[in-house]
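Engineer:
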Amino acid sequence: MFPERFTTIRGLDPKDLCSLLLLTSRMKSHPERYSALLRGKTLLQFFVENSTRTRMSFEAATRKLGGSSIAFAASTSSFQKGETLVDTAKVIQQYGVDGMIVRHRSVGAPDLLADATGLPVINAGDGSHEHPTQALLDAFTLTEHWGLDSQDALGKAEFPFRGKRVMILGDLRHSRVARSNIHFLTALGAEVHLCGPTPLMIPDLSYFPAVHTHSFPDRGASGVISSMDAVMTLRIQVERQNQGNIPSLTEYREFWGLTRERATRLKPGAVVLHPGPVNRGVEIDAEVADSASSLILKQVENGVYARMAVLAKVFSKESAGVLS
Amino acid sequence: MFPERFTTIRGLDPKDLCSLLLLTSRMKSHPERYSALLRGKTLLQFFVENSTRTRMSFEAATRKLGGSSIAFAASTSSFQKGETLVDTAKVIQQYGVDGMIVRHRSVGAPDLLADATGLPVINAGDGSHEHPTQALLDAFTLTEHWGLDSQDALGKAEFPFRGKRVMILGDLRHSRVARSNIHFLTALGAEVHLCGPTPLMIPDLSYFPAVHTHSFPDRGASGVISSMDAVMTLRIQVERQNQGNIPSLTEYREFWGLTRERATRLKPGAVVLHPGPVNRGVEIDAEVADSASSLILKQVENGVYARMAVLAKVFSKESAGVLS
Amino acid sequence: MFPERFTTIRGLDPKDLCSLLLLTSRMKSHPERYSALLRGKTLLQFFVENSTRTRMSFEAATRKLGGSSIAFAASTSSFQKGETLVDTAKVIQQYGVDGMIVRHRSVGAPDLLADATGLPVINAGDGSHEHPTQALLDAFTLTEHWGLDSQDALGKAEFPFRGKRVMILGDLRHSRVARSNIHFLTALGAEVHLCGPTPLMIPDLSYFPAVHTHSFPDRGASGVISSMDAVMTLRIQVERQNQGNIPSLTEYREFWGLTRERATRLKPGAVVLHPGPVNRGVEIDAEVADSASSLILKQVENGVYARMAVLAKVFSKESAGVLS
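Residue numbers (my numbering), protein chains in the order written: chain A, 2 to 325; chain B, 2 to 325; chain C, 2 to 325.
1) Given that a residue counts as buried once 16 or more other Cβ atoms are within 10 Å of its Cβ, and exposed if not, what is B/Q152?
2) Compare the Cα-Cα distances from C/S292 to each of C/D139, C/S176, C/R261 and C/K65 and report the closest residue.
3) Residues of chain C with a CB under 8 angstroms from the CB of B/G277: which are they?
4) Judging by CA-CA distance, which residue of C/T118, C/I123, C/L149 and C/I226 is the nearest neighbour of C/G171?
5) Are the CB atoms of A/L66 and A/L38 nearer to each other than 7 angstroms?
6) Step through the CB atoms of chain B and report whether any lies within less than 7 angstroms of the CB of A/E262.
7) Checking contacts by CB at 7 angstroms: is C/N246 closer than that to chain A?
8) Could you check whether the stretch 171-180 of chain C touches the stretch 194-210 of chain C, counting it as contact only if at least three pairs of C-beta atoms, one from each stretch, sit closer than 8 angstroms?
9) Provide the residue span of the alpha helix (DSSP H) that contains B/Q135, from first to last.
10) If you count every other CB in all the chains shown that lies within 10 Å of the CB of C/Y208, and 16 or more means buried, which is it?
11) I need the straight-line Cα distance from A/W257 to A/E131, nearest angstrom please.
12) Give the straight-line distance between the Cα atoms of C/A125 and B/A140, rounded to the nearest whole angstrom.
13) Using the Cβ count rule (16 or more neighbours within 10 Å means buried), how would you classify B/P269?
14) Output needed for A/S295: all residues of its chain with C-beta closer than 7 angstroms, excluding positions within five of it in sequence on either side, in chain order.
15) Closest to B/A287 by C-alpha separation, out of B/N303, B/R263 and B/V305, would be which residue?
16) Who are the near neighbours of A/R106 in its chain, counting only those whose CB is closer than 6 angstroms to its CB and skipping five residues on each side?
17) Would you kindly report the start and end of the unbroken alpha helix (DSSP H) that includes C/D116?
18) Could you check if A/L236 is buried or exposed, using at least 16 other CB atoms within 10 Å of its CB as the buried criterion?
19) Less than 6 angstroms between C-beta atoms, sequence neighbours within five positions excluded: which residues of the same chain meet that for B/F59?
20) Does DSSP classify A/Q95 as helix, strand or coil?
21) With a 10 Å radius around its C-beta and 16 neighbouring C-beta atoms as the bar for buried, classify A/Q244 as buried or exposed.
22) Taking the straight line between their C-alpha atoms, what separation do you get for A/Q94 and C/G119?
23) Considering A/T214, what are the terminal residues of the beta strand (DSSP E) in which it resides?
24) Report the option in B/P278, B/R11, B/A313 and B/D17 whose CA atom is closest to the CA atom of B/P133.
25) Who are the near neighbours of A/A310 in its chain, counting only those whose CB is closer than 6 angstroms to its CB and skipping five residues on each side?
26) Please report how far the alpha carbon of B/V315 lies from the alpha carbon of A/T43, in whole angstroms.
27) By DSSP, does B/V301 sit in helix, in strand, or in coil?
28) Any idea which residues DSSP pairs B/M233 with across the strands?
29) Just the Cα atoms here: how many angstroms apart are A/P278 and A/T142?
30) At the level of alpha carbons, what is the spacing between C/L114 and C/V98?
31) From this set, C/L312, C/N303 and C/R281, which residue's C-alpha is nearest A/L86's C-alpha?
32) Note the first and the last residue of the continuous beta strand (DSSP E) segment covering A/G126.
33) Could you give the C-beta distance for C/V212 and C/H194, rounded to a whole number, given that I count them as a contact under 8 angstroms?
34) Under the rule that 16 or more other beta-carbon atoms within 10 Å means buried, what is A/D230, buried or exposed?
35) Nearest chain A C-beta to C/L274 closer than 7 angstroms, yes or no?
36) Classify A/F160 as helix, strand or coil using the three-state DSSP reduction.
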């Protein structure tokens, strides 16, 4: 599978993804069984882009598996002195860490670092490319909600999400979360619908599996949002609103926001997700984010277990016995 | 008492405060007895305002009790992305920490976070409201100096500080340290005198217990400083001097600074405190800060034990047996 | 030797330096033997100047000896509030750390802190004064390359580097690495050659042991670089190029850079070092930095062992039995 790195969802086959979902489920049911899996191991958190949420989630996952984390603080680093990324990585490798969790603004940086160092690497978000652990936690949260988190549902069905419709709504163009989710959800058989302002659509969809695209969630004849089983709203980078891609935050909310009013048109049982941090009143209304159909806090909680599963798989050589 | 949060001194009764002073004393005499009290517990240091001193003091206290700390770095966090405080807290709660130590510029933030998360919370300073562990360490430092740190003195006397006069001198208006100390010292029977420039006096004293106020420490007929048993000098925020509250740092020192000359007018045995960091030559002269009557370094040392006591009390459900 | 501080190479005698080299060698061969040397000890990383490499190297070394590190983050500290360095240090001392690793922009800060606190202190770089652990790791890397890392070579010969010629090339004036290396290399008998633009030469060489100086590495009759056994290139602070000391980066490279072309003139077996971070294409070409004669990554690796040796020596009171 991916013995030594976890940098993309693209290219993984459905069986591997189901096996990760199952392992996430087992981490959640019996975390204590895995509490010594990373004993004695030190993982470098190589976060060159700001992040508190993902970093803390990985730190909690590492701790729950018995390992320890050290942080690489980019803002005080040699990066500011002009050193190349590969040089920095080779230097870090000499300090005796057992693996790296990498977030970087450049597409491909995690693979570059894995190649350069030979260390196990997990991608915690690279540019607008992929954020694979987020896709795993999102898929697991849906799996759990749909009652599919069992050996039966995941181990036997070829496409456990078949028949489910998921909309990803918002700034798709800049979103690595969207890209990883497209790969994950379609691989398991879901019907994926992308919806957002035209300038924020993914430019070249031919690289991706077949999806449906929509300019608006509920206008015209389509009114597509009302047929969805799940809607993943994406964060609007407020700092990007002056780049001409969206008219204004108020108008964004009016046309694409998951407002209280718009949420009433969801079908019964449909659920709402958001990778966070949430701009309440922009891409999603506070009432919707806090409603019973919102899985947002579940996502955060499951993030720790999803990352435990990925850590376990990446270090699976040593832990093969425990995991099977 | 306060089973799950420690956010204000106001409202605690004298017996509880004495019990905390006693516990601080026991932490100082026999720290090794408590070295497993927080074993397996992870405390989040949620410091949204800059701080090294208080943060390191809590970290040392946590470590001495066998627990571990993780830091939330506000400057790299979702705060900069517009997430609400409560959303951030709920997210953090999912990471499986056992409690939070909170510093925040907003009054009431620690209680808000305790309400939102249900986690044990210790206030490490909120706006100009309270800094309760500082008041505990200050009161303990005086207790120790006055020879009152015994079961007899603290367990039996109703008001162990009766007959003692303490002046708090400086920028009272912006000081959470002053406010927590007013509550603590008056509750134990001390006579509290506030002294500082009129624009820096606490605006509405009716909220507080009865105190004496003075515009100058030693001018006119009063010359009140010479009758004090202790003088707590407060830090002048140098960066605030252009807001029109004080004429200049030189004049501040002349009228309100605890200069070498002014210190000679203290009565024999009177002691000097400062919460730090000290602006030498502004609110206190270097010679006074380093003199035999200065308890400033004692305060820092005792801060670790005071915080150990508070941590022990906040987690007292599990530690009841050890503490009684 | 230096029971409680390690702040300069200057003044240490050759026997002590050889003993440190030997200990470094033993740390590298059998790190597991020393894995409990600092058990229960907490070292403060007091880095007031930015650094990731040196900080992580010390952190790895501390961890490998069984100790733990806490970081002092200068950017969020009381320094910004005007506190003196000694006051900060005395405060930190109260938190119960067992020693300090200090990096500071001011010459002498580590000794000042050692004097003020009475704590064991290791200098991790002070202004343009010294960076003694870097000199140890550089010397050990050469020792190892030259096959001198044995009890015989280091324990018996008085000057094990006798007959070796080492050039230090670049911005000598601002380099604490150069200064520590001059002391270390000459003490062990090496012939040291300094080479760089005249405005970047060390201003007062009378303070140092006898060295040879050159304006250019390979011009005129001298062509001195071709007779060297090792060339240590120094980092050009790109941000200093506008201070009038070098004409331009392009011209710096042409006259003093260790270019691919210039490297062909090195004698067979000569090796190249660089303390990092490397400006590829300025002071050294990428091809040279990555060539077989480059010991740059070895330096980083050995840095961890050199720092383990220094930590062991500084805490040698308690560890005397294990080290002898």
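Beta carbons: idealized from backbone N, C-alpha and C, even for Gly.
Structural biologist: Reading it off the structure:
1) The sequence position of residue 152 of chain B within the second sequence is 151, counting from 1. With fewer than 16 Cβ atoms within 10 Å of its Cβ, B/Q152 is classed as exposed.
2) As a working mapping, residue 292 of chain C is identified with position 291 in the third sequence. Selected option, being the one with the closest Cα: C/R261.
3) Working through the second sequence from its first residue, we reach residue 277 of chain B at position 276. Those within 8 angstroms of B/G277 in chain C are S79, E84, D88 and V92.
4) Position 170 of the third sequence, counted from the first residue, corresponds to residue 171 of chain C. Answer by Cα proximity: C/I226.
5) Taking the first residue of the first sequence as position 1, residue 66 of chain A is located at position 65. Taking the first residue of the first sequence as position 1, residue 38 of chain A is located at position 37. Yes, Cβ-Cβ distance for A/L66 and A/L38 is below 7 angstroms.
6) Within the first sequence, residue 262 of chain A is the residue found at index 261, counting from 1. Output row for A/E262: interface = no.
7) Start at 1 with the first residue of the third sequence, and residue 246 of chain C comes out as number 245. No - not a single Cβ of chain A is within 7 angstroms of the one on C/N246.
8) yes
9) To locate residue 135 of chain B, count along the second sequence from 1; it is residue 134. Note, B/Q135: alpha helix (DSSP H), P133 to H146.
10) What you label residue 208 of chain C is simply residue 207 of the third sequence in a count that begins at 1. So C/Y208 counts as exposed.
11) As a position in the first sequence, residue 257 of chain A is number 256, starting the count at 1. As a position in the first sequence, residue 131 of chain A is number 130, starting the count at 1. When rounded, the distance between both Cα atoms is 23 angstroms.
12) Walking along the third sequence from the start, residue 125 of chain C turns up at place 124. Walking along the second sequence from the start, residue 140 of chain B turns up at place 139. Each residue's alpha carbon lies about 39 angstroms from the other.
13) Locating residue 269 of chain B in the second sequence gives position 268, counting from the first residue. B/P269 comes out exposed.
14) Position 294 of the first sequence, counted from the first residue, corresponds to residue 295 of chain A. Counting only Cβ-Cβ distances below 7 angstroms, and skipping sequence neighbours, we find V273 and V289.
15) Along the second sequence, read from residue 1 onward, the residue named residue 287 of chain B stands at position 286. Selected option, being the one with the closest Cα: B/R263.
16) By one-based count along the first sequence, residue 106 of chain A stands at place 105. The answer, listed in chain order, is E50 and G128.
17) Residue mapping note: residue 116 of chain C aligns to position 115 of the third sequence, counting from 1. A110 to T118 is the extent of the alpha helix (DSSP H) around C/D116.
18) Position 235 of the first sequence holds residue 236 of chain A. Reading off the sequence shown, one finds Arg at residue 236 of chain A, where the question assumed Leu. With 16 or more Cβ atoms within 10 Å of its Cβ, A/R236 is classed as buried.
19) For the purposes of this step, residue 59 of chain B is taken as the residue at position 58 of the second sequence. I102 and R308, listed in sequence order.
20) Mapped onto the first sequence, residue 95 of chain A falls at position 94. If DSSP states are grouped into helix, strand and coil, A/Q95 belongs with coil.
21) By 1-based counting over the first sequence, the position of residue 244 of chain A is 243. Exposed, because fewer than 16 other Cβ atoms sit within 10 Å of the Cβ of A/Q244.
22) As a working note, residue 94 of chain A is residue 93 in the first sequence. As a working note, residue 119 of chain C is residue 118 in the third sequence. A/Q94 and C/G119: Cα-Cα distance of roughly 35 angstroms.
23) As a first step, residue 214 of chain A is located in the first sequence; it is residue number 213 there, counting from the start. Looking at the DSSP string, the run of the beta strand (DSSP E) that includes A/T214 is H213 to H215.
24) As a first step, residue 133 of chain B is located in the second sequence; it is residue number 132 there, counting from the start. Closest by alpha carbon: B/R11.
25) Along the first sequence, read from residue 1 onward, the residue named residue 310 of chain A stands at position 309. Only L21, L24, T25 and M28 meet the Cβ criterion.
26) Walking along the second sequence from the start, residue 315 of chain B turns up at place 314. Walking along the first sequence from the start, residue 43 of chain A turns up at place 42. Cα to Cα, the separation comes out at about 31 angstroms.
27) Taking the first residue of the second sequence as 1, we reach residue 301 of chain B at position 300. Here B/V301 sits in helix by DSSP.
28) One-based indexing of the second sequence puts residue 233 of chain B at position 232. B/M233 is bridged to B/I169 and B/L274.
29) The residue labelled residue 278 of chain A in the question sits at position 277 within the first sequence. The residue labelled residue 142 of chain A in the question sits at position 141 within the first sequence. Near 17 angstroms, if we compare the C-alpha coordinates of A/T142 and A/P278.
30) Position 113 of the third sequence, counted from the first residue, corresponds to residue 114 of chain C. Position 97 of the third sequence, counted from the first residue, corresponds to residue 98 of chain C. Near 13 angstroms, if we compare the C-alpha coordinates of C/V98 and C/L114.
31) Translated into positions along the first sequence, residue 86 of chain A becomes position 85. Answer by Cα proximity: C/R281.
32) For this step, residue 126 of chain A is matched to residue 125 along the first sequence. Start and end: V122 to D127.
33) Mapped onto the third sequence, residue 212 of chain C falls at position 211. Mapped onto the third sequence, residue 194 of chain C falls at position 193. The pair is a contact, with the Cβ atoms about 7 angstroms apart (cut-off 8 angstroms).
34) On the first sequence, residue 230 of chain A is found 229 positions in, with the first residue counted as 1. The residue is buried, with at least 16 neighbouring Cβ atoms inside 10 Å.
35) What you label residue 274 of chain C is simply residue 273 of the third sequence in a count that begins at 1. Not one chain A Cβ lies under 7 angstroms of C/L274.
36) For the purposes of this step, residue 160 of chain A is taken as residue 159 along the first sequence, with counting starting at 1. Reduced to three states, the DSSP call for A/F160 is coil.
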